[in-house]
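Written below as structure tokens is the structure these notes are about.
Numbering (the working numbering), first residue to last: 1224 to 1271.
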């Protein structure tokens, strides 16, 4: 859980306040990618 907190803190700290590409967008994208990677085992390599 600590690694997740560090990731989210860094994500928020490095995003600018733009209308669309902002922290909320990044968080949504990160969550979507996590779900895709967890639901499709064997499709992606460790690097991907």
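No residue lacks a Cβ here, since even glycine has one placed at the ideal position from N, Cα and C. These numbers come from a predicted model, not from an experiment.
Measuring straight from C-alpha to C-alpha, what distance separates residue i and residue j?
i, j, result
"residue 1243", "residue 1250", "12 Å"
"residue 1263", "residue 1245", "27 Å"
"residue 1265", "residue 1252", "21 Å"
"residue 1229", "residue 1268", "24 Å"
"residue 1231", "residue 1259", "19 Å"
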